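**Q**
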Amino acid sequence: MKNAHKSNEAENYQRYDLGLNDRIIVKDIEYRLVRSDEGGHVFYRVSHPDVYERISHGILAKYREDGLFKFTPDYHAPSRARNRDTIRQENILDLSEKNRERIFWCKEFCDSFLLMEKAGEASRSDESMLQAIRTINAKVVEIETKKQKGENGRCGAEVKTKSPPSPTQLRKWLKKYEATDRDPIVLKFNYGKCGNRTPRLEPEIVELIDKYAAEHSSRTRAKPSVIYTDLIAELEVINTERAQRGESKLDEPSIRALQRAVDKLDPYLDYVGRNGEAAAKKKFYPVQGGVRARLPFERIEMDEWMVSLQTLMVNAGMWKKLTKEQKKKAKRVRVWVSAAIDAATRCIIALRILKTAPNYESAIATLRMAVSNKRAIAEAAGCQSSWDMEGTPRLVCVDTGASWYSDEFRMACSDLGIEVMYAPAGMPQFRARIERVFGTIHSQLIARFDGRTFANILAKGDYDAAAHAIMNIEQLERLMIRYIVDVYHNTGHSGLGEETPANAWKRLRKDWGVRPGPDADEIRHVFGTPMERLIQNEGIHCLGNWYRSPATHAMRRSMGSKQKQVMVRIDQLNVGEISVRFNRVWVTVPCAREGLDGVSAHEWFEMNSDLRRKHRADAKAVRPIVNAAVRDFRAFREKAVKDAGLEMPVYTYKQLMRLEGWFKRAGEQTRAAESDPADFLGDAEVPDDFVERDEAAGAASPDETFVTTTRDDGFMDEEH
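Per the working numbering, the sequence shown runs over residues 1 to 720.
1) Within the same chain, show all residues whose beta-carbon is closer than 8 Å to that of LYS176, passing over the 5 residues directly before and after it, in chain order.
2) Does the distance from the C-beta atom of ARG533 to that of VAL568 stay below 7 Å?
3) Buried or exposed for MET657, going by 16 or more other Cβ atoms inside 10 Å?
4) DSSP three-state call for PHE449: helix, strand or coil?
5) Quick one, which of ARG346, LEU351, ASP342 and ARG375 has its alpha-carbon nearest VAL335's?
6) Taking Cβ to Cβ, would you say ARG394 is nearer than 7 Å to PHE527?
7) Restricting to Cα atoms, I'd like to know which of GLY382, VAL396, GLU361 and TYR360 is closest to ILE349.
8) Nearest by alpha-carbon distance to LYS506: which of SER123, PRO518, ARG23 and GLU38 is it?
9) Who are the near neighbours of ALA261 in its chain, counting only those whose CB is closer than 7 Å to its CB and skipping five residues on each side?
10) Please report how far the alpha carbon of LEU60 lies from the alpha carbon of PRO590, in whole angstroms.
11) Shortest alpha-carbon distance to LYS172 belongs to which of SER609, LYS107, SER385 and PRO501?
12) Answer yes or no: do ARG800 and THR345 have a C-beta to C-beta separation smaller than 7 Å?
13) Using a Cβ-Cβ cutoff of less than 7 Å, which residues in the same chain neighbour VAL42 once the five nearest sequence positions on both sides are dropped?
14) Can you name, in chain order, every residue of its own chain whose Cβ lies under 6 Å from the Cβ of SER112, other than the five neighbours on each side?
15) Let me check understanding here. Comparing Cα to Cα, which of GLU594, TRP387, LYS264 and TYR488 lies closest to LEU130?
16) Rounded to the nearest angstrom, what separates SER218 and ALA502 at their Cα positions?
17) Is DSSP giving VAL566 helix, strand or coil here?
18) By a C-beta neighbour count over all protein chains shown, 10 Å radius and 16 as the cutoff for buried, is HIS489 buried or exposed?
19) Of the residues CYS347, THR323, LYS324 and ASN359, which one's Cα is nearest the Cα of VAL337?
20) Looking at ALA357: is its Cβ nearer than 7 Å to the Cβ of MET302?
21) In terms of DSSP beta bridges, what is ASP571 paired with?
22) So CYS383 and ILE481 are supposed to be a Cβ contact under 8 Å. How far apart are they, rounded?
23) Give the secondary structure of GLN14 by DSSP, where H, G and I count as helix, E and B as strand, and everything else as coil.
24) Between the alpha carbons of ILE238 and VAL226, how many angstroms are there, rounded?
25) How would you label MET306, buried or exposed, when you count the other beta carbons within 10 angstroms and need 16 or more for buried?
26) So, for ARG242: in the same chain, excluding its five sequence neighbours on each side, which residues have a beta-carbon less than 8 Å away from its beta-carbon?
27) Determine the extent of the alpha helix (DSSP H) in which PHE113 is found, giving its start and end residues.
28) Compute the Euclidean distance between the alpha carbons of GLU252 and ILE232, then round it to the nearest angstrom.
29) So what does DSSP say about PHE297, is it helix, strand or coil?
30) May I ask you to list the residues that DSSP assigns as paired with SER338?
31) Taking the alpha-carbon of THR180 as reference, which of ASP74, GLN169, GLU97 and THR240 has the nearest alpha-carbon?
32) Cβ atoms of VAL26 and PHE71: under 7 Å apart, would you say?
33) Going by DSSP, what residue range makes up the alpha helix (DSSP H) through TRP505?
34) When the Cα atoms are used, what is the spatial distance from GLY544 to GLU538?
35) For the alpha helix (DSSP H) that LEU208 lies in, which residues bound it at each end?
36) What span of residues does the beta strand (DSSP E) with HIS41 cover, start to end?
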């Protein structure tokens, strides 16, 4: 019986991949790892190094589930310990927009160069680094161009790019980056050490140099030495004319000054001008092999897939049976799928049907799904197998689409300790596994559909067909998740030697473990919606609720008479707690109203608006009704999720600010949760289309509302 119990425990509980330098906190006690084996982990207490404790995999997983186990990777690594006072005092999410852009721009050069160096394609000599910088900058410029003007931007649209770093500057970045185990936050601006930036060349000479440097990008393929000769010849003419006017001569620039100007040309456009576009694409995007992964969540691949409803129905053999009007409606409907796959086990760790075109919010939502437990989603879809693949990946491979290349997605990955690798456009082999999965879903799942699957999608009515189709896309999402969890995961995979992805997951998890996924506090810190709030005597007011703790009272006292807003993050899927940032530290603050743990912002809004309609006449009865509704809702939560859909709706930032405005107008005017609520919803009406209204005049974006203390000086080419 004991052996059977151990077997079930090993199969049902997560085994975590912990390192000797990781920070482990269990039930508020800090530990360091001694060793791991099939049964569990052996730790010693940091406060009492001679005290050893053994915790089984199952018990540790239960602690994690209950929020009693916290994990910080590589916290005690020598490089991190040496730089404890200078790094990771804040997350990238907390920095100014300029600083965030700077960090990711520098990081792209560092990561790309390190990959080239590892592949033997570059060294740290000036000559080799110059060529590498040109290659990297070409990729950066192309991605930034796509990001700023969009996939279908007009020709001639203005695009802002930065001048690439010099070899000396890149070496400085690499030194800091490698010294902190590639922590990108060390690439922030160092404003306090700016030197003399006065130009050393006269404006006329700079203009002349730029003019002749541009000639390098021509089909004549002139060498800098030839161009320099032409420059000096023109300068001689200019100086003769200046002498005739009684003006002093201009000093001759060195050929090195011209070479520096040539080096700052866009490498890709420069090569296009000298050799043509076809040759440039071959040079700057060489074919490389894929990357192997041995451990679960060592590497994941993420991508988006668009397919029209027409294509789905053609593959299902239904297209010929439709009327012209039905075909016309179907052609307008586009279905987007956002998914993630674990490279080592081939398990699908996230799959979402998008109701709009992909954007940074959908990318972040897919990432959150990948690192989170998905058992409830699988149960809501009617799956018989478990969807228990969760953890924090070490590497995420994506393409350079706008959603994946957004600062928001990269910040979320960075703050979770995840490296991001961008595959060049048109090279699916970098994401071969996820590309093949889309093909498998298309060929195997769609073939199982019949006419009844699409009957509701094209049902006639008094509303727009496309909108109706979106409402019924949840049916398609259920089918796809059921297929993934019950069919795909339990079918032999050629890439695994005909082992099933589910068995590969169980085997590798048992043998090696998985790096723990973010806990509830980390989820809120990283994925929460940002806003700013004042700390009042009663605490912090957000979405009609008061949040307070001894920490918020201490914050208010420390501010004295100079009260100012603090940054707050709220998890839309759990309004029971918020995160408050004070003195560069995130603090978890609970809601004063009991029973909101696990209740989403959408559920809270719907609950309040429904109660307002039903009980407007008896305002004093609202508070006990709210409390009873919260209790009843929690009891029937699982059934509600199954009936309403797989995932609770998540609002955009502007939608949430509109919702917050409604709560303010509706008005929780009580000064404390314990006082008589009177009518805490006031007389505010709740339009049925409240959230869906046009948001052209909606709330400002996060960057418009944040108050930061980080300096926003201009970009500088060199640091001193």
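Heads up, the beta-carbon is just placed ideally off N, CA and C, and yes, glycines get one too.
Only a predicted model underlies this, so the values are computations on that prediction, with no experimental measurement involved.
**A** Reading off the structure:
1) By 1-based counting over the sequence shown, the position of residue 176 is 176. Within the same chain, and ignoring the five residues on either side of LYS176 in sequence, the residues whose Cβ sits closer than 8 Å to its Cβ are VAL186 and LEU187.
2) As a first step, residue 533 must be located in the sequence shown, where it is residue number 533. As a first step, residue 568 must be located in the sequence shown, where it is residue number 568. Yes, the Cβ-Cβ distance between ARG533 and VAL568 is below 7 Å.
3) To locate residue 657, count along the sequence shown from 1; it is residue 657. Buried, since its Cβ has 16 or more Cβ neighbours within 10 Å.
4) The residue given as residue 449 occupies position 449 in the sequence shown. Caution is warranted here: a pLDDT of 49 is assigned to PHE449, below 50, making its placement in the model unreliable, and no coordinate value can be reported.
5) Mapped onto the sequence shown, residue 335 falls at position 335. Closest by alpha carbon: LEU351.
6) On the sequence shown, residue 394 is found 394 positions in, with the first residue counted as 1. On the sequence shown, residue 527 is found 527 positions in, with the first residue counted as 1. No, these two residues do not count as a Cβ contact at 7 Å.
7) For the purposes of this step, residue 349 is identified with residue 349 of the sequence shown, where counting begins at 1. Measuring from the Cα of ILE349, the nearest candidate turns out to be VAL396.
8) For the purposes of this step, residue 506 is taken as the residue at position 506 of the sequence shown. For LYS506, the closest C-alpha among the options SER123, PRO518, ARG23 and GLU38 is that of GLU38.
9) Within the sequence shown, the letter at position 261 stands for residue 261. Hits under 7 Å: ILE209, ASP210 and ALA213.
10) Taking the sequence shown and counting its residues from 1, one reaches residue 60 at position 60. Taking the sequence shown and counting its residues from 1, one reaches residue 590 at position 590. Here the alpha carbon of LEU60 sits roughly 25 Å from the alpha carbon of PRO590.
11) Within the sequence shown, numbered from 1, the residue matching residue 172 stands at position 172. When only C-alpha atoms are compared, the closest one is LYS107.
12) Summary: the structure shown does not reach residue 800, with the chain confined to residues 1 through 720, and so no result is reported for it.
13) Locating residue 42 in the sequence shown gives position 42, counting from the first residue. Taken in chain order, the residues that qualify are VAL34, ARG35, TYR52 and ARG54.
14) As a first step, residue 112 is located in the sequence shown; it is residue number 112 there, counting from the start. Closer than 6 Å at Cβ, skipping near neighbours: ILE136.
15) If you number the sequence shown from 1, residue 130 lands on position 130. It is LYS264.
16) Locating residue 218 in the sequence shown gives position 218, counting from the first residue. Locating residue 502 in the sequence shown gives position 502, counting from the first residue. Cα to Cα, SER218 sits roughly 56 Å from ALA502.
17) For the purposes of this step, residue 566 is taken as the residue at position 566 of the sequence shown. The DSSP-derived three-state label of VAL566 is strand.
18) Residue numbering aside, residue 489 sits at position 489 when the sequence shown is read from its first letter. HIS489 should be labelled buried.
19) Along the sequence shown, read from residue 1 onward, the residue named residue 337 stands at position 337. It is ASN359 whose Cα lies nearest to the Cα of VAL337.
20) Against the sequence shown, residue 357 aligns to sequence position 357. Against the sequence shown, residue 302 aligns to sequence position 302. Result no, Cβ atoms of ALA357 and MET302 do not sit closer than 7 Å.
21) The count along the sequence shown starts at 1 and reaches residue 571 at position 571. ASP571 pairs with ASN574.
22) Indexing the sequence shown from 1 puts residue 383 at position 383. Indexing the sequence shown from 1 puts residue 481 at position 481. CYS383 to ILE481, Cβ: 7 Å. Contact.
23) Working through the sequence shown from its first residue, we reach residue 14 at position 14. Correct three-state label for GLN14: coil.
24) Translated into positions along the sequence shown, residue 238 becomes position 238. Translated into positions along the sequence shown, residue 226 becomes position 226. Taking the straight line from one Cα to the other gives about 19 Å.
25) One-based indexing of the sequence shown puts residue 306 at position 306. It is exposed - the Cβ of MET306 has fewer than 16 other Cβ atoms within 10 Å.
26) Taking the first residue of the sequence shown as position 1, residue 242 is located at position 242. So the qualifying residues of the chain are SER248, LYS249 and LEU250.
27) For this step, residue 113 is matched to residue 113 along the sequence shown. From DSSP, the alpha helix (DSSP H) with PHE113 extends over 97-118.
28) Indexing the sequence shown from 1 puts residue 252 at position 252. Indexing the sequence shown from 1 puts residue 232 at position 232. Straight-line Cα distance between these residues: approximately 7 Å.
29) Residue 297 sits at position 297 when you count from the first residue of the sequence shown. DSSP places PHE297 in coil when its eight states are reduced to three.
30) Counting from one through the sequence shown, the residue named residue 338 turns up at place 338. According to DSSP, SER338 bridges with GLU304 and ARG352.
31) Here residue 180 refers to the residue found at position 180 when the sequence shown is read from its first residue. Comparing C-alpha distances from THR180 to each of ASP74, GLN169, GLU97 and THR240 shows the shortest one belongs to ASP74.
32) One-based indexing of the sequence shown puts residue 71 at position 71. One-based indexing of the sequence shown puts residue 26 at position 26. Contact flag unset, no.
33) Position 505 of the sequence shown, counted from the start, is the residue given in the question as residue 505. Element bounds for TRP505: 501-512.
34) By one-based count along the sequence shown, residue 544 stands at place 544. By one-based count along the sequence shown, residue 538 stands at place 538. Each residue's alpha carbon lies about 13 Å from the other.
35) Numbered from its first residue, the sequence shown carries residue 208 at position 208. Element bounds for LEU208: 203-213.
36) Numbered from its first residue, the sequence shown carries residue 41 at position 41. Per DSSP, HIS41 belongs to the beta strand (DSSP E) from 40-45.
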